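One structure is given below, encoded as structure tokens.
Numbering (my numbering), first residue to last: 51 to 602.
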């Protein structure tokens with residue numbers, strides 16, 4: 051009976067030890083998949099069941115450090131049995147934490163004790179020490195490679211050794227040696243998804259699309275559950291094919307540990323791929339889970355999505371929430387751009403232009419600034435605030451925007467409509483200089499100066515009308531030229547009569563108008579009046595010859 055009981059106890063112990071080993075393997079696999087939280091959860095159970103298994107403590111603390119949980123790793127080390135701490139791997143565990151804390155001297159002492167001075171050193175311990183150095187922010191990577199190469203001499207089929215050599219070289223930015231090491235891992239295990247993945251990452255940094263896609267696909271073929279490979283594929287296609295990116299992201303999320311950040315990324319990608327309802331639904335789920343701790347950008351994503359659905363009321367509401375919750379140092383120009391777009395559609399242009407002006411001030415890219423200026427100009431033009439329109443046109447000019455003749459023309463007309471005739475004269479001066487064979491610059495300079503000289507005393511419009519006449523006479527069949535020639539002749543004739551008393555010169559100008567437009571009533575009328583004046587004046591002069599010169 052006692053023998054039977056003893057056999058049962060031994061069998062149960064064997065089952066427990068086997069289960070513990072399987073659990074450590076499971077934790078190691080999760081670590082390889084970069085599922086550190088799941089690995090920690092599994093390995094905590096392992097050490098609770100079998101606290102004397104140093105491997106369980108090693109993979110637990112390494113997972114905690116990889117996840118950034120230094121305090122948790124320190125607590126785990128405090129809970130380790132004393133005899134575990136004294137073992138070589140136990141010393142590596144303690145040294146790894148010290149190295150993460152940048153206590154290199156204390157960690158080095160523990161590593162040296164762990165490795166020992168025997169001729170036949172344990173490659174597993176050398177690998178563990180090397181990984182501690184590679185994982186730490188300031189570990190000695192060259193020493194790590196020495197240890198790993200020594201370990202590889204004794205354990206030539208250990209893929210973990212070659213993966214670690216590749217990791218060390220990759221941190222040293224030596225891509226060729228890293229690829230060589232990862233290829234050795236593949237030679238040792240052709241189903242090693244991690245090695246294919248890491249080669250792919252190196253080629254992706256070189257933007258070698260064909261090669262990195264080849265290796266990422268090999269990683270997926272080797273192990274479809276290897277989650278890390280899906281993330282760089284998602285990120286690559288995010289800027290090229292949003293639907294493909296969404297497929298990779300959803301696969302990544304399904305195969306990795308839960309993270310609220312994944313839901314943020316999913317919300318963003320739903321918006322980018324114009325799946326606005328899905329974006330709103332996912333964002334609402336994030337809000338429910340995060341509450342007041344939610345990142346303010348989720349409010350912005352809600353606003354953008356509602357804008358995509360043309361629901362301006364909700365778009366405005368969520369954008370206002372974003373501005374209220376987010377630190378103003380984190381605002382970007384596009385935030386104000388969206389608000390400007392929303393309110394410009396909903397209300398009059400007054401409020402919209404304020405938001406676009408804020409976007410302009412925050413934007414650094416010159417091309418984007420030009421786009422904002424054009425939006426601002428259009429809104430001010432819609433308000434008939436021509437002075438502001440013209441001023442912002444000046445901002446566009448300062449940005450060295452490519453100005454066409456139409457751009458300069460609109461700028462000058464804006465100043466003219468704002469009754470800033472000095473500035474409109476200057477702008478049309480630029481036009482006339484750049485396009486001397488066109489009438490527009492001369493004509494609007496004449497109009498601007500005529501508006502300044504309302505009493506027609508200074509004659510400052512005359513030279514510009516005369517310049518316009520010289521160009522317009524080359525094509526009198528042009529309707530615009532014909533109309534402006536008539537206007538110019540009429541203006542100059544009026545000046546010759548009223549300011550200079552040169553009636554003969556004025557008559558010549560009226561004749562030119564009638565040559566262009568024989569039915570011009572005004573020219574006929576003024577010519578008739580002028581001829582009567584001259585006839586009457588001639589009678590007076592016949593009586594007083596000294597006054598005759600005044601009629602010429």
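Every residue, glycine too, gets a C-beta built ideally from N, C-alpha and C.
If you're wondering where the values come from, they're calculated on a predicted model, not measured in any experiment.
Item	Value
Residue 409 versus residue 426: straight-line alpha-carbon distance, rounded	10 Å
Short Cβ contact (8 Å threshold) for residue 231 with residue 212	yes
Segment contact, 8 Å Cβ cut-off, at least three pairs: the segment 515 to 535 with the segment 551 to 560	no
The alpha helix (DSSP H) enclosing residue 432, as first and last residue numbers	416 to 432
Per-residue DSSP class, three states only, for residue 323	coil
Endpoints, the alpha helix (DSSP H) within which residue 289 is located	Per DSSP, residue 289 belongs to no alpha helix (DSSP H) and is neither H nor E.
DSSP three-state assignment for residue 329, whether helix, strand or coil	helix
Residue interval of the alpha helix (DSSP H) (run including residue 270)	259 to 272
Pairwise C-alpha distance: residue 260 and residue 244	19 Å
Assigned secondary structure, residue 498 (DSSP; H/G/I helix, E/B strand, else coil)	helix
Nearest neighbour of residue 575, chosen from 138, 532 and 544 [CA to CA]	544
Proximity winner among 488, 529 and 287, relative to residue 514 (alpha-carbon distances)	488
Contact between the segment 262 to 270 and the segment 302 to 314 (3+ Cβ pairs under 8 Å)	no
Buried or exposed (CB count within 10 angstroms, at least 16 for buried), residue 173	buried
CA-to-CA distance, residue 393 to residue 365, given in whole angstroms	10 Å
Given residue 357 as reference, the closest of 446, 374 and 324 once Cα atoms are compared	324
Test item: CB-CB of residue 235 and residue 250 under 8 Å	no
Closest Cα partner of residue 541 within the set 499, 569, 565 and 568	499
Beta-carbon separation (whole angstroms), residue 455 vs residue 481, contact threshold 8 Å	7 Å
Expected contact under 8 Å - CB spacing of residue 184 and residue 221 to nearest Å	7 Å
Cβ neighbour criterion (16 or more within 10 Å) applied to residue 290	exposed
Length of the line joining the Cα atoms of residue 441 and residue 296	45 Å
Per-residue burial, residue 77 [other beta carbons within 10 Å of its own, 16 or more giving buried]	buried
Helix, strand or coil at residue 276 according to DSSP, with G and I counted as helix	coil
C-alpha distance - residue 101 paired with residue 219, whole-angstrom precision	35 Å
Pairwise C-alpha distance: residue 104 and residue 130	9 Å
Simplified DSSP assignment, three categories, for residue 60	Here residue 60 scores only 39 on pLDDT, less than 50, and its place in the model should not be relied on; the value that follows carries that caveat. Three-state result, residue 60: helix.
Backbone CA spacing between residue 151 and residue 109 [nearest angstrom]	18 Å
Cβ neighbour criterion (16 or more within 10 Å) applied to residue 310	exposed
With 16 other Cβ atoms within 10 Å as the buried cut-off, status of residue 577	buried
Residue 360: CB within 7 Å of a non-hydrogen atom of the ligand FAD	Although the ligand FAD was asked about, the structure shown includes no ligands whatsoever.
CA-to-CA distance, residue 405 to residue 181, given in whole angstroms	53 Å
Extent of the continuous alpha helix (DSSP H) run through residue 163	154 to 165
8 Å Cβ cutoff met for residue 518 and residue 492	yes
Start-to-end residues for the alpha helix (DSSP H) that takes in residue 480	471 to 484
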